[in-house]
Every structure is written in structure tokens, then in C-alpha cells.
Amino acid sequence: MTLTRRFMQCDVFSSTATRGNALAVVLDSDGLDSEAMQRFAAWTNLAETTFVLPPTEAQADYRLRIFTPLREMRFAGHPTLGSCAAWLSAGGRAKDPGTVRQQCAVGIVEIDMTGRVPAFIAPPTHIAPLDADELQRILSDLGLKASDVVNSALLDNGPQWRALQLVSAEAVLKAKAQNVRWPEMSAIGLIGPYADTSEADYEVRMLAPSSGMLEDPITGSLNAALAHWMLDQGQLSEDIVVAQGRCIGREGRVYISPDPANAGRVRIGGHTSILIKGTLQL
-2 MTLTRRFMQC
8 DVFSSTATRG
18 NALAVVLDSD
28 GLDSEAMQRF
38 AAWTNLAETT
48 FVLPPTEAQA
58 DYRLRIFTPL
68 REMRFAGHPT
78 LGSCAAWLSA
88 GGRAKDPGTV
98 RQQCAVGIVE
108 IDMTGRVPAF
118 IAPPTHIAPL
128 DADELQRILS
138 DLGLKASDVV
148 NSALLDNGPQ
158 WRALQLVSAE
168 AVLKAKAQNV
178 RWPEMSAIGL
188 IGPYADTSEA
198 DYEVRMLAPS
208 SGMLEDPITG
218 SLNAALAHWM
228 LDQGQLSEDI
238 VVAQGRCIGR
248 EGRVYISPDP
258 ANAGRVRIGG
268 HTSILIKGTL
278 QL
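Under the working numbering, think of the first position of the sequence shown as -2, with each following residue one higher.
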């Protein structure tokens, strides 16, 4: 049955509107089945489209389903922050002031509203070695050399990432995104440090996303997995700023903060702008 539903479009992980990662949010999503959600996500043709529903767990403030144009995702970062902003803008009120609790396929994700920017608590990340043959294939496809790589891992925090820590931000930026595509190649995450950290500490790229794009603009879930990986390696002892999207004309900034009071917890934050509010017939 077609109903009038509230709709918002957000720009996430940038303080400059239209330079972050776009997100479509459908509020009042009761009555929509998975097929209808997937069809609408394909129609928006954005990296992700989300659907806000009443929670089924008592501690949650709302429930979220997340779709790319091609499939449903268990968790994603910029949809988490953007959907939270839309829910609050539409009149949502958290049970616990200062913390919004989102129910999704990986469980309850907390969004901390008390810092300089909203930040979600990164869900746990499983860290495993990356197969050596797969690493060599990735390097060949991206036009990188073995000497460009400091470390590699297979990371899983809902989505799964082939993660490469490179020697520098410059090495990250030179990787050839046009040579990798999903599903022939699963999602690849690259991170490398800047020598001059006046603007950002690291550059990140996410290649071969399941949205069908060559490159994702700014990726909260990848940055969350990378943050846990860095924490595991003893490389994340203070707040850092990550830049993402430079190669495709975006100005993404992700604010990553280890929690000194809770070992193993990391906050992933960023700005969100709501650019469009309205209704749709769906």
C-alpha cells in the first residue's frame, strides 16, 4: 500500500554541504518489505539509503535497515550518523539524554551526542591475516608495490574489508581505483599517514564498494574497522583526524577518538547536514 512518508537527504562527514557522503533516509518505514526497500534504494542510486522503523529491543531508540543500490548491509557508518540526525530532526527523543541507541543487524550501536560532533561507538572488529595471494592481486590491480605496504589484514565489523596500511598518504592517493570492481574484487580499504598533520593525520580510501561505485566518498564503517586495527597494533593512543574523498572531489573528515575510560572502545564522528526535507509516496 502506498503511503505518504517523511523523507530527508543528508550529507555526512563534511562540514561543507555537498562535499561529504550523501544519504537518503526514509522515516515512517512501517509496512515496507525488503523488496520495496531495495527497489527504492536502487532508484535513489546513492551509496546507501536507510529506512527507520520502531525498535524491537527495549533499549533501542529506533531500528534501522541499510541498503545500497544492490544489497542490504548489516552496518554502515555514514548511514548511522545521517539517520540519527534525520531521526532527531524529525522529533525523535532518546531514552537516555546524550546517547542515541540504534538497533541494526549487528546489534545496538550507540551514538554519543555530547562531543564536538556526533560520534558512534565502533562495533567490534574481527582481525585476521590477509591471504598473501590476495594481497598480491590487490597490489597488482592498484598499481602498488610491495614496498608501499606497511601491514595488511582482513577486517570484519559487519562489512568485510581487505585493509592495507601504506607508507604514506601519497601512496594511498596514487592507487588506481579504476582497476577494481565489486563483486569481482571485494571492498578494499587503504590508509596512510600525512607527514604534515596540520589538516589531517591520515588519508583513507575505500575502493570496490558494493554500491557499484568505483570509490566510496567517505566510509564510517571502514574507518571504524581501521581504528580498531590501529588500536590492536598500539597505533591509536590519541585523537586523530582522517581525510577521505579527495580523489573524487569530496572533503571528508572523520574524527576518531579512543575512549580512555573504556579500553577497546573507539568513537567515530563527523558533521552531518540535512539538505532536503519533504515527503514521498512509497
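Using N, Cα and C, we set each Cβ at its ideal position, and we do this for glycine too.
From Trp226, Arg2, Thr13, Trp179, residue whose alpha carbon lies closest to that of Glu212:
Position 215 of the sequence shown, counting from 1, holds the residue named residue 212. For Glu212, the nearest C-alpha among the options comes from Trp179.
Starting from Val22, follow its DSSP beta bridges and name the residues at the other end.
Numbered from 1 along the sequence shown, position 25 holds the residue referred to as residue 22. Answer by DSSP bridge pairing, in chain order: Met5, Thr47.
Starting from Gly275, follow the beta strand (DSSP E) in both directions and report where the run begins and ends.
Here residue 275 refers to the residue found at position 278 when the sequence shown is read from its first residue. Run containing Gly275: 269 to 278, per the beta strand (DSSP E) assignment.
To the nearest angstrom, how far is it from the Cα of Ile253 to the Cα of Val201?
What you label residue 253 is simply residue 256 of the sequence shown in a count that begins at 1. What you label residue 201 is simply residue 204 of the sequence shown in a count that begins at 1. C-alpha separation (whole angstroms): 13 Å.
Within 10 angstroms of the Cβ of Asn259, are there 16 or more other Cβ atoms? Answer buried if so, exposed if not.
Locating residue 259 in the sequence shown gives position 262, counting from the first residue. When all chains shown are included, Asn259 counts as exposed.
What's the call for Pro66, buried or exposed, on a 16-neighbour Cβ count within 10 Å?
For this step, residue 66 is matched to residue 69 along the sequence shown. Burial of Pro66 is indicated by the presence of at least 16 other C-beta atoms within 10 angstroms of its C-beta.
Please state whether the Cβ-Cβ distance between Lys274 and Met5 is less than 8 Å.
As a position in the sequence shown, residue 274 is number 277, starting the count at 1. As a position in the sequence shown, residue 5 is number 8, starting the count at 1. Yes; because the gap between Cβ atoms is below 8 Å, this pair is in contact.
What do you reckon, are the CB atoms on Glu54 and Ile63 nearer than 8 Å?
To locate residue 54, count along the sequence shown from 1; it is residue 57. To locate residue 63, count along the sequence shown from 1; it is residue 66. Contact flag unset, no.
Could you tell me the distance, in whole angstroms, from the CA atom of Ala39 to the CA atom of Ala160?
What you label residue 39 is simply residue 42 of the sequence shown in a count that begins at 1. What you label residue 160 is simply residue 163 of the sequence shown in a count that begins at 1. Taking the straight line from one Cα to the other gives about 27 Å.
Out of Pro156, Ala143, Ala116, which one is the CA nearest neighbour of Arg250?
Counted from its first residue, the sequence shown places residue 250 at position 253. Taking only the C-alpha atoms, the option nearest Arg250 is Ala116.
What first and last residue would you give for the beta strand (DSSP E) that runs through Ala82?
In the sequence shown, residue 82 corresponds to position 85, counting from 1. Per DSSP, Ala82 belongs to no beta strand (DSSP E); it is in the alpha helix (DSSP H), 74 to 86.
Can you give me the C-alpha to C-alpha distance between Gly266 and Glu32, rounded to a whole angstrom?
On the sequence shown, position 269 is the one that residue 266 refers to. On the sequence shown, position 35 is the one that residue 32 refers to. One C-alpha to the other measures close to 31 Å.
Pick from Gly189, Trp158, Leu78 that is closest to Val114, judged by C-alpha positions
Taking the sequence shown and counting its residues from 1, one reaches residue 114 at position 117. Checked all of Gly189, Trp158, Leu78; the closest Cα to Val114 is Leu78.
From Ala172 to Leu228, what does the alpha carbon distance come to, in whole angstroms?
The sequence position of residue 172 within the sequence shown is 175, counting from 1. The sequence position of residue 228 within the sequence shown is 231, counting from 1. Ala172 and Leu228: Cα-Cα distance of roughly 25 Å.
Pick helix, strand or coil for Gln100, following the three-state DSSP scheme.
The sequence position of residue 100 within the sequence shown is 103, counting from 1. It is a strand residue.
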